[in-house]
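Notes follow once the structure below has been shown.
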Amino acid sequence: MFLKYSSASLIFKLLLSLLFGFIVPRAIRAQTAAPMNVSFAKEIQPIFQSKCQGCHQPARSGGSYVMTTRLGLLGIGESGKSPIVPGKPQESLLLEQIAPDASGIAEMPKDKPSLSEPEISLIHRWILEGALDDTPVSDASLINSEHPPVYYSPPAITALDFSPDSKTLAVSGYHEVLLHPTDGATPPVRFVGLSERIESIRFSPDGSRLAVAGGSPARMGELQVWNVADRTLFLSIPVTFDTIYGASWSADSSRIAFGCGDNSLRAVNATTGEQVLFQGAHNDWVLDTAFSSDSSHLVSVSRDRSMKLIEVATQRFVDNITSITPGALKGGLASVDRHPTRDELAVGGADGTPKLFLMHRPANKPRQIGDDFNLIRAMPSLPGRIFEVRYSPDGSKLVAVSSADGRGHMRVFATEDGKQLLSFDTETGGLFAADFSPDGTQIAVGGLSGTIWILNANDGTMVRDFVAVPLSPRTASTNQK
């Protein structure tokens with residue numbers, strides 16, 4: 154018995170000494186270790202990305218100053234002074250410009266809230282420590298307007314849109330949007346920006362501007378607004394922590410709406426970039442938006458399977474346009490489009506069935522569990538899930554595209570009775586984007602293969618097809634072998 158007690162006591166003392174042996178040195182090291190240097194990649198760059206790069210990037214270098222790289226940050230802009238002097242924060246113009254005055258207003262960011270005190274202190278400390286750049290080589294962006302993407306294979310086409318005059322087709326690329334003349338007579342114009350992934354493209358109603366929704370997955374969302382005529386970036390608005398979706402213009406071109414991966418629906422002033430609407434009624438990603446004919450209301454669709462109606466002036470949630478019956482909704486909704494002349498909606502999503510809905514429920518028809526009063530009709534289903542639906546210019550037709558089992562499918566329906574009018578199928582991968590030309594003569598479709606197909610909107614015959622991006626000579630020659 155004595156031996157057992159002695160053994161247990163020795164084991165306890167041994168464990169206790171080992172425990173203190175681990176804890177005490179760690180505590181001493183924690184007290185004596187020098188503080189870590191400020192990380193440019195993890196701490197400074199995110200501040201600049203969310204607060205500064207909208208106006209200071211290669212495509213839109215306000216004051217001739219670019220803040221997307223350390224090299225650009227150390228450059229001298231129009232002021233002629235050094236914005237950042239490594240090791241000398243007191244001589245760095247940037248700190249002067251971001252420091253708020255007695256009233257709490259700073260010179261930069263211009264016309265926006267000042268940086269917080271912790272953010273300013275962090276930038277001050279980074280400069281004091283030498284303004285070092287710890288960005289991994291793999292994270293450094295090598296793409297800008299002077300160095301556009303070089304393609305060795307076509308990227309998937311996630312978005313496309315015809316200009317109002319039917320002369321231009323805007324197509325998504327990697328870090329860019331390409332504006333192709335519809336007759337193919339000249340090479341495309343390339344709008345190269347910060348966003349790696351382009352999710353949505355929409356010309357303004359008058360065709361003078363182009364809204365682009367996208368971002369860098371799991372890092373940032375961005376809304377770009379380009380001036381089409383002079384090929385310049387008019388606005389770059391960083392939004393949320395992930396790519397954004399489904400851009401749409403109000404009828405007077407004063408607002409742009411879009412959906413976000415944080416489940417929010419937002420709209421901004423199309424001239425200033427100021428946020429003018431925020432709605433959090435959805436509980437999953439908001440993937441597409443559409444304004445009512447008079448822009449008084451805004452519609453959004455989401456992965457949460459619902460289509461919601463919002464009053465723009467009050468930012469108030471009005472109604473679920475889709476059924477609220479449990480089990481009635483069969484999957485997330487990916488695309489919505491409004492009829493060109495009246496407040497009717499086309500929607501498509503995971504169940505593969507294009508549907509038409511009334512936007513507004515009559516006042517004398519209160520919502521009830523079990524009803525789907527706003528539904529006008531459901532079209533025949535496509536294989537797989539639908540990625541986009543678009544009305545023809547006169548609203549008499551609807552095009553829908555889908556993906557299933559490595560194949561792409563397009564169907565055109567008559568909106569009056571749901572009859573299928575045209576079909577197109579490809580074995581080269583899913584179809585993700587489609588649009589009617591505003592003159593009503595053509596349909597453009599694209600998807601995984603990176604090929605654009607232009608079809609006759611009346612009989613479905615092929616007008617032409619082409620790869621949406623310029624391929625490198627090496628790849629082109631390889632493909633020919």
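According to this note's numbering, the sequence shown holds residues 154 to 634 in order.
Ideal Cβ placement from N, Cα and C applies to all residues, glycine included.
Note that the coordinates shown come from a computational prediction; the quantities given were computed from them, not determined experimentally.
Q.
Do Gln377 and Ser369 count as a contact pair if the criterion is CB distance below 8 Å?
A. Walking along the sequence shown from the start, residue 369 turns up at place 216. Walking along the sequence shown from the start, residue 377 turns up at place 224. For Ser369 and Gln377, no; Cβs fall outside 8 Å.
(Q) Quick check on the DSSP output: what are the complete beta strand (DSSP E) runs of length 3 or more inside the region 290 to 350, in order along the chain? (A) 313 to 315, 321 to 325, 329 to 334 and 342 to 345
Q. Going by the beta-carbon positions, is the gap between Ala400 and Ala364 smaller than 8 Å?
A. Taking the sequence shown and counting its residues from 1, the one referred to as residue 400 is at position 247. Taking the sequence shown and counting its residues from 1, the one referred to as residue 364 is at position 211. Contact flag set, yes.
**Q.** 8 Å Cβ shell around Ser217 - same chain, five flanking residues per side excluded
**A.** The residue given as residue 217 occupies position 64 in the sequence shown. Here the set comprises Gly230 and Glu231.
Q) Helix, strand or coil for Met154 per DSSP? A) Numbered from 1 along the sequence shown, position 1 holds the residue referred to as residue 154. Its pLDDT being 41, under 50, Met154 is placed unreliably by the model, and nothing is read from it.
(Q) Just to confirm the assignment, what range does the beta strand (DSSP E) spanning Gln428 have? (A) Along the sequence shown, one-based indexing puts residue 428 at 275. Gln428 to Gln432 is the span of the beta strand (DSSP E), which, as asked, contains Gln428.
Q. Does the beta-carbon of Ser214 have 16 or more other beta-carbons within 10 angstroms, so that it is buried, or is it exposed?
A. Start at 1 with the first residue of the sequence shown, and residue 214 comes out as number 61. When all chains shown are included, Ser214 counts as buried.
(Q) So for Arg458, helix, strand or coil by DSSP? (A) By one-based count along the sequence shown, residue 458 stands at place 305. Three-state DSSP puts Arg458 in coil, outside helix and strand.
Q) Taking the alpha carbon of Val452 as the point to measure from, which residue in Leu482, Met261 and Phe411 has its own alpha carbon closest? A) Residue mapping note: residue 452 aligns to position 299 of the sequence shown, counting from 1. Nearest option by C-alpha distance: Phe411.
Q) What's the gap between the Cα of Arg530 and the Cα of Pro546? A) Mapped onto the sequence shown, residue 530 falls at position 377. Mapped onto the sequence shown, residue 546 falls at position 393. So the alpha carbons of these two residues sit roughly 20 Å apart.
(Q) To the nearest angstrom, how far is the alpha carbon of Thr494 from that of Tyr544? (A) Numbered from its first residue, the sequence shown carries residue 494 at position 341. Numbered from its first residue, the sequence shown carries residue 544 at position 391. One C-alpha to the other measures close to 11 Å.
(Q) Taking 8 Å as the limit between beta carbons, can you name the residues of its chain near Ile477, skipping five residues before and five after? (A) Along the sequence shown, one-based indexing puts residue 477 at 324. Same-chain partners within the cutoff: Arg520 and Ile522.
(Q) What residue range does the alpha helix (DSSP H) around Gly484 cover? (A) One-based indexing of the sequence shown puts residue 484 at position 331. It is not in any alpha helix (DSSP H) - Gly484 carries neither H nor E in the DSSP assignment.
Q) By DSSP, does Glu249 sit in helix, in strand, or in coil? A) For this step, residue 249 is matched to residue 96 along the sequence shown. Helix at Glu249.
Q.
Let's test the definition: count the other Cβ atoms within 10 Å of the Cβ of Thr442 and tell me whether it reaches 16, buried, or not, exposed.
A. Taking the first residue of the sequence shown as 1, we reach residue 442 at position 289. With 16 or more Cβ atoms within 10 Å of its Cβ, Thr442 is classed as buried.
Q | C-beta atoms of Val620 and Gly599 nearer than 8 Å | A | By 1-based counting over the sequence shown, the position of residue 620 is 467. By 1-based counting over the sequence shown, the position of residue 599 is 446. No. Outside cutoff.
Q: Closer than 6 Å by C-beta to Lys508: which residues in its own chain qualify, once you throw out the five before and the five after it? Chain order, please.
A: The sequence position of residue 508 within the sequence shown is 355, counting from 1. Hits under 6 Å: Val500 and Ala531.
Q: In angstroms with no decimal places, state the Cα-to-Cα distance between Val334 and Pro341.
A: Numbered from its first residue, the sequence shown carries residue 334 at position 181. Numbered from its first residue, the sequence shown carries residue 341 at position 188. Looking at the sequence provided, one finds Pro at residue 334 rather than Val. Using only the alpha carbons, I get a separation of about 7 Å.
Q: Only counting runs of 3 or more residues, tell me where the beta strand (DSSP E) segments fall wholly within the region 552 to 600, in order along the chain.
A: 560 to 567, 573 to 579, 584 to 589 and 595 to 600
Q: Quick one: grab the DSSP three-state call for His450.
A: For this step, residue 450 is matched to residue 297 along the sequence shown. His450: strand per DSSP, three-state reduction.
Q: Using a threshold of 8 Å, state whether the C-beta atoms of Ser455 and Val429 are closer than that.
A: Mapped onto the sequence shown, residue 455 falls at position 302. Mapped onto the sequence shown, residue 429 falls at position 276. For Ser455 and Val429, no; Cβs fall outside 8 Å.
Q. For Tyr218, which residues does DSSP report across the bridge?
A. Taking the sequence shown and counting its residues from 1, the one referred to as residue 218 is at position 65. Paired residues: none, contrary to the question.
(Q) Tell me the rounded alpha-carbon separation between Lys550 and Thr506. (A) Taking the first residue of the sequence shown as 1, we reach residue 550 at position 397. Taking the first residue of the sequence shown as 1, we reach residue 506 at position 353. Cα to Cα, the separation comes out at about 15 Å.
**Q.** Neighbour-count burial assignment, Thr636, 16 or more Cβ in a 10 Å radius
**A.** The structure shown has nothing for residue 636, since the chain only spans 154 to 634.
Q: Would you list the one or two residues that DSSP bridges to Met615?
A: Numbered from 1 along the sequence shown, position 462 holds the residue referred to as residue 615. Leu608, per the DSSP bridge assignment.
Q | CB contact flag (Val616, Ala586, <8 Å) | A | By 1-based counting over the sequence shown, the position of residue 616 is 463. By 1-based counting over the sequence shown, the position of residue 586 is 433. Not closer than 8 Å, so no.
Q: Quick one: give me the first and last residue of the alpha helix (DSSP H) that Phe201 is part of.
A: On the sequence shown, position 48 is the one that residue 201 refers to. Gln198 to Lys204 is the extent of the alpha helix (DSSP H) around Phe201.
Q | Enclosing alpha helix (DSSP H) for Ile273 [first to last residue] | A | Your numbering for residue 273 matches position 120 in the sequence shown. Note, Ile273: alpha helix (DSSP H), Glu270 to Leu281.
Q.
Using only the alpha-carbon positions, how far apart do Gly426 and Leu322 sit?
A. Here residue 426 refers to the residue found at position 273 when the sequence shown is read from its first residue. Here residue 322 refers to the residue found at position 169 when the sequence shown is read from its first residue. Gly426 and Leu322: Cα-Cα distance of roughly 25 Å.
Q: Return yes when the Cβ of Asp447 is within less than 8 Å of the Cβ of Ala404, no when it is not.
A: Here residue 404 refers to the residue found at position 251 when the sequence shown is read from its first residue. Here residue 447 refers to the residue found at position 294 when the sequence shown is read from its first residue. Contact flag set, yes.
**Q.** For Arg514, the first and last residue of its enclosing beta strand (DSSP E)
**A.** To locate residue 514, count along the sequence shown from 1; it is residue 361. Element bounds for Arg514: n/a, residue is neither H nor E.
Q.
Please identify the residue among Asp504, Tyr304, Arg350 and Asp570 whose C-alpha is closest to the C-alpha of Gly374.
A. For the purposes of this step, residue 374 is identified with residue 221 of the sequence shown, where counting begins at 1. When each option's Cα is compared against that of Gly374, the closest is Arg350.
(Q) Rounding to the nearest angstrom, what Cα-Cα distance links Leu486 and Ala259 in this structure? (A) Locating residue 486 in the sequence shown gives position 333, where the first residue counts as 1. Locating residue 259 in the sequence shown gives position 106, where the first residue counts as 1. For Leu486 and Ala259, the distance between alpha carbons rounds to 43 Å.
Q) Of the choices Ser245, Ile397 and Pro358, whose alpha-carbon is the least far from that of Ala371? A) Walking along the sequence shown from the start, residue 371 turns up at place 218. Nearest of Ser245, Ile397 and Pro358 to Ala371, Cα basis: Ile397.
Q. Going by DSSP, which residues form a beta bridge with His209?
A. As a working note, residue 209 is residue 56 in the sequence shown. Beta-bridge pairing links His209 to Ser214.
**Q.** Burial state of Leu224 (16 or more Cβ within 10 Å)
**A.** Translated into the one-based positions of the sequence shown, residue 224 becomes position 71. So Leu224 ends up on the exposed side.
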